[in-house]
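> Numbering of the sequence shown is given in this note's numbering, commencing with residue 1072 and proceeding in unit increments.
Note that CB positions come from ideal geometry on N, CA and C, so glycine has one too.
Just so you know, these numbers come straight off a predicted model, no measurement behind them.
The structure's right below; bear with me while I get my questions together.
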Amino acid sequence: MGARAEAAPRPVESDLFATMVKTIKGLAMDGVEKAKSGHPGMPMGAADMAATLWLRFLVHDPADPSWPDRDRFVLSAGHGSMLLYSLLHLSGYDLPMAELQRFRKLHSKTPGHPEVGHTPGVEITTGPLGTGFAAGVGFAYAERLLAQRYNRAGHEIVDHFTYGIVSDGDLMEGVASEAASFAGHQKLGKLVYLYDSNDITIDGGTALAFTENVGARFEAYGWHVQKVDGHDAGAIAKALVAARAEQARPSLIECRTIIAHGAPKKAGTSASHGAPLGKDEVEAAKRAMDWPLEPTFYVPDALRTELAQRKAALAVEHREWVARFERYRAAEPALAQEFELLRRGELPKGTLEAIPTFAPGTAIATRKACAKVISAITKVHPTFVGGSADLAESNGVDFGDRHIHYGVREHGMAGITNGLALHGGVRPVDATFLIFSDFMRGCLRLSALMRLPVIHVFSHDSIWLGEDGPTHQPVEQLMSLRLIPNLWVVRPADARETAGAFRVALERKLGDGPTAILVTRQNLPVFEETRDDIGVGAYTLWDPPGVAAKDLDGILVATGSEVAIAYEAAKRLHERGLEVRVVSMPCWEAFEACDRAYQDDVLPPSVGRRMSVEAGVTLGWQRWCAHQHGLDRFGESAPGADVAKALGFTADAVVEHWLQLP
Ligand SMILES: Cc1ncc(C[n+]2csc(CCOP(=O)(O)OP(=O)(O)O)c2C)c(N)n1
Ligand SMILES: [Mg+2]
1072 MGARAEAAPR
1082 PVESDLFATM
1092 VKTIKGLAMD
1102 GVEKAKSGHP
1112 GMPMGAADMA
1122 ATLWLRFLVH
1132 DPADPSWPDR
1142 DRFVLSAGHG
1152 SMLLYSLLHL
1162 SGYDLPMAEL
1172 QRFRKLHSKT
1182 PGHPEVGHTP
1192 GVEITTGPLG
1202 TGFAAGVGFA
1212 YAERLLAQRY
1222 NRAGHEIVDH
1232 FTYGIVSDGD
1242 LMEGVASEAA
1252 SFAGHQKLGK
1262 LVYLYDSNDI
1272 TIDGGTALAF
1282 TENVGARFEA
1292 YGWHVQKVDG
1302 HDAGAIAKAL
1312 VAARAEQARP
1322 SLIECRTIIA
1332 HGAPKKAGTS
1342 ASHGAPLGKD
1352 EVEAAKRAMD
1362 WPLEPTFYVP
1372 DALRTELAQR
1382 KAALAVEHRE
1392 WVARFERYRA
1402 AEPALAQEFE
1412 LLRRGELPKG
1422 TLEAIPTFAP
1432 GTAIATRKAC
1442 AKVISAITKV
1452 HPTFVGGSAD
1462 LAESNGVDFG
1472 DRHIHYGVRE
1482 HGMAGITNGL
1492 ALHGGVRPVD
1502 ATFLIFSDFM
1512 RGCLRLSALM
1522 RLPVIHVFSH
1532 DSIWLGEDGP
1542 THQPVEQLMS
1552 LRLIPNLWVV
1562 RPADARETAG
1572 AFRVALERKL
1582 GDGPTAILVT
1592 RQNLPVFEET
1602 RDDIGVGAYT
1612 LWDPPGVAAK
1622 DLDGILVATG
1632 SEVAIAYEAA
1642 KRLHERGLEV
1652 RVVSMPCWEA
1662 FEACDRAYQD
1672 DVLPPSVGRR
1682 MSVEAGVTLG
1692 WQRWCAHQHG
1702 LDRFGESAPG
1712 ADVAKALGFT
1722 ADAVVEHWLQ
1732 LP
């Protein structure tokens, strides 16, 4: 057992504990009341379990939220954000009272739901239920991965827990079930969730829609399950001790609670879920717990004094870890250096250089090229890690002994991947068919909102996948991914551009955002003219010989497998005396980031006759091209080339279309 699992819970005097709980309740009620918006019931109901965890167990350093070996805390029930803000403020994070008083106001540090990177101490953006649960599984997975790689006998530099508070809504969501099943299978023993089991959701009691035996379900997943009175601090502490001691199974502690505990009229009702309690109810609640009505946002001095001492003690624990790390550095200088480099989100030396080059003249599916690139990077980057939702065989994604078998759980996979990235030290990849990006969408969007350096690999990226038919042929997915802010979508034209796609993705830094790489099932020629440096997003692949830009008849702009078709079409048009440039545009977002002069060089404003060629919906292409050769319908089941021919994805059809342009 790790040292942290064995450490005795920090003692807490019962009066002090009661004061802490009342203070949290008071802050939550006052914060929501002042904002005239928010969720008071959850923080009040969960105050006992949160106070127990934070006062007695959580190892962190409020003075340095970036300490690598801190315990992670995930408030999956993100609507209870005032609970987290109260805990952070009271623990001594850089979150002053003035910010609690500006809860849910423009540019405050206390947004409606917790946002990572915005508020010191917030580990993850939560609110969409179930997604925090899934990410917590990723945190725990990352901890184990890093412990395996970096710990040495006598030098346990990675040894922390991932704790979370999850709600009824979290446990109803499919994404949480997927992640829970995965966590049980993986035996993630350092994952400990407190379940705020209050039998209430927005519409009323859980009797309306949620009557299964949750504990039995989690036992079946392979979890260690306990059930306690969620207002009995002693019982909660005992359960946490047992949960920490359980090495082989993740833990769910079902805490039976009363929502808005302490509010005389609204406790136990959904009325306390998503609206201020109201002046009268707040006053009655404060009176009932013997709390002053004024000042609002009251924190007793004695509590402040005690919490300041606890903050100092936690800083000592952090300093002891730093000393341990220095001893580790002396014993294992190379590993220590690597650990720190990866923590900063940097690439180990040789990572970009390891990306293979592909010779023109051959033909290879970009999924195959992608697989080669991934295994090459895996050899030099020790925590470049990921896996696929049961499609490793098809999409070729293989991380060797680091491969994560996600099973058929796309949304869970995306949520877990977010946790891997948030934990730090790990550069994660997930993979499935492009069509199933829809199944990942909730967590995919969060990876973009949180600007995580995640790589999403999507294979079988068009109708060319063929026989599996319209259920599997993506048509609207490509464009719909481009809709997501911060997400870069790269659709390489051949193996060389595929190598380039990984370069683009890896060069995106912590805080830039995720990258989706879309690759084909079918073979594609490797061109002379493509580049493996596609950071510009779009470039001229081919110009008719001897024709100046101003004399062009037009431009074909294509992506992915359609570049080959556009290229062929342009050559045929050239034979007819029509001079058409071909632009390969693997990444819109990268092209948009280029300066105007470069953009005008590739797409001269004087050349207005432009047509996009892409086997997907056309809505959106108007941004670059007045005309579109696309697919505003679902596909067909037949061999890929037959589908493509039937739906107009041949050079002949593109030539035909061009000749008919007004
Ligand atoms: C994916 C998702 N669907 C819907 C919502 C809207 N929503 C917010 S809280 C909630 C349910 C509240 O019930 P519970 O999770 O038990 O929290 P409690 O009311 O007990 O605090 C819902 C449906 C959401 N945040 N996320
Ligand atoms: Mg509930």
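Any heavy atom of ligand 2 closer than 7 Å to the beta-carbon of residue 1269?
Indeed, a heavy atom of ligand 2 lies less than 7 Å from the Cβ.
> Could you name the residues of the same chain whose beta carbon sits closer than 8 Å to that of residue 1084, not counting the 5 residues immediately before and after it, in chain order?
So the list is empty, once near-sequence residues are dropped.
> When you compare each of 1490, 1350, 1470, 1407 to residue 1247 by their alpha carbons, which one comes out closest?
Comparing Cα-Cα distances from residue 1247 to each of 1490, 1350, 1470, 1407, the minimum goes to 1490.
> Whose C-beta lies closer than 7 Å to the C-beta of residue 1427 among residues of the same chain, with five residues either side of it excluded?
Only 1443, 1444, 1447, 1570 meet the Cβ criterion.
> Taking C-alpha atoms, which residue in 1660, 1553, 1285 lies nearest to residue 1689?
When only C-alpha atoms are compared, the closest one is 1553.
> Check this for me: beta carbons of residue 1153 and residue 1118, under 8 Å apart or not?
The answer is no: Cβ separation not under 8 Å.
> Give the C-beta separation of residue 1615 and residue 1639 to the nearest angstrom, bearing in mind that I take them to be a contact with Cβ-Cβ under 8 Å.
The pair is not a contact, with the Cβ atoms about 13 Å apart (cut-off 8 Å).
> What number of angstroms, rounded off, separates the C-alpha of residue 1266 from the C-alpha of residue 1077?
Cα-Cα distance, rounded: 23 Å.
> Are there any heavy atoms of ligand 2 lying less than 7 Å away from the beta-carbon of residue 1586, as far as the coordinates show?
Because no heavy atom of ligand 2 lies under 7 Å away, the Cβ of residue 1586 does not count as near it: no.
> Which one of 1727, 1225, 1143, 1360 has the shortest CA to CA distance from residue 1398?
Nearest option by C-alpha distance: 1225.
> Please name the residue in 1193, 1268, 1668 whose C-alpha comes closest to that of residue 1157.
If we check each option's Cα against that of residue 1157, 1193 comes out closest.
> Name the DSSP beta bridge partners of residue 1325, please?
Looking at the DSSP assignment, residue 1325 forms a beta bridge with 1266, 1298.
> Between 1367, 1461, 1402, which lies nearest to residue 1476 when the distance is taken from Cα to Cα?
Ranking 1367, 1461, 1402 by Cα distance to residue 1476 puts 1461 first.
> In angstroms with no decimal places, state the Cα-to-Cα distance between residue 1314 and residue 1634.
Taking the straight line joining both Cα atoms gives about 55 Å.
> Which two residues bound the contiguous beta strand (DSSP E) that contains residue 1094?
It is not in any beta strand (DSSP E) - residue 1094 instead sits in the alpha helix (DSSP H) that spans 1085 to 1106.
> Enumerated in chain order, which unbroken segments of the beta strand (DSSP E) with a length of 3 residues or greater are wholly contained in the region 1396 to 1452?
Segments of the beta strand (DSSP E) lying fully in the region 1396 to 1452: 1434 to 1436.
> If residue 1148 and residue 1240 are in contact, beta carbons under 8 Å, what's the gap, nearest whole angstrom?
With a Cβ gap of about 7 Å, residue 1148 and residue 1240 count as contacting.
> Please determine, among 1091, 1648, 1619, the residue with the shortest C-alpha to C-alpha distance to residue 1114.
Minimum Cα distance to residue 1114 is reached at 1091.
> Checking 8 Å against the spacing of the C-beta atoms, do residue 1141 and residue 1131 come in under that value?
Yes, the pair counts as a contact, with Cβ atoms nearer than the cut-off.
> Identify the continuous alpha helix (DSSP H) that holds residue 1489 and give its terminal residues.
Element bounds for residue 1489: 1481 to 1494.
> For residue 1682, which three-state DSSP category applies?
DSSP places residue 1682 in strand when its eight states are reduced to three.
> Just to check my reading of the structure: residue 1606 and residue 1661 have Cβ atoms closer than 8 Å, yes? What is that Cβ distance to the nearest angstrom?
Confirmed, Cβ separation roughly 6 Å.
> Which residue or residues does DSSP assign as beta-bridge partners of residue 1698?
Paired residue(s): 1682.
> Quick one: measure Cβ to Cβ for residue 1431 and residue 1597, integer angstroms, because I've assumed they're closer than 8 Å.
About 5 Å; that satisfies the 8 Å criterion.
> Excluding sequence positions up to five away, which residues of its chain have a Cβ less than 7 Å from the Cβ of residue 1075?
The residues are 1130, 1230, 1231, 1232.
> Quick one: what's got a C-beta closer than 8 Å to residue 1602's C-beta in the same chain, skipping five residues either side?
Cβ neighbours of residue 1602 beyond the five flanking positions: 1567, 1568, 1571, 1610.
> Quick one: any contact between the region 1297 to 1316 and the region 1336 to 1349, if contact means 3 or more CB pairs under 8 Å?
The region 1297 to 1316 vs the region 1336 to 1349: no contact.
> Measuring alpha carbon to alpha carbon, tell me which residue in 1692, 1512, 1646, 1628 is nearest residue 1673.
It is 1628.
> In this structure, how does DSSP classify residue 1801 when only helix, strand and coil are distinguished?
This structure gives no information on residue 1801, because the portion of the chain shown stretches from 1072 to 1733.
> Go ahead and label residue 1498 buried or exposed: buried means 16 or more other beta carbons lie within 10 angstroms of its beta carbon, across all protein chains shown.
Label assigned to residue 1498: buried.
> With a cut-off of 8 Å on the beta carbons, I'd call residue 1515 and residue 1531 a contact; round off their distance for me.
At roughly 17 Å, the Cβ-Cβ gap does not stay under 8 Å, so residue 1515 and residue 1531 are not in contact.
> Going residue by residue through the region 1103 to 1152, where are the continuous alpha helix (DSSP H) segments of at least 4 residues, counting only ones entirely within it?
Qualifying alpha helix (DSSP H) stretches, in chain order: 1112 to 1123.
> Throw me the rounded Cβ distance for the residue 1684 and residue 1637 pair, which I believe falls under 8 Å.
Right, the Cβ-Cβ distance comes to about 4 Å (below 8 Å), so this counts as a contact.
> List the residues that DSSP assigns as beta-bridge partners of residue 1631.
Answer is none; residue 1631 lacks a bridge partner.
> For ligand 2, is there a heavy atom less than 7 Å away from the beta-carbon of residue 1272?
Yes, since a heavy atom of ligand 2 falls inside the 7 Å radius drawn around the Cβ of residue 1272.
> Nearest-angstrom Cα distance between residue 1320 and residue 1439?
Between residue 1320 and residue 1439, the C-alpha separation is close to 37 Å.
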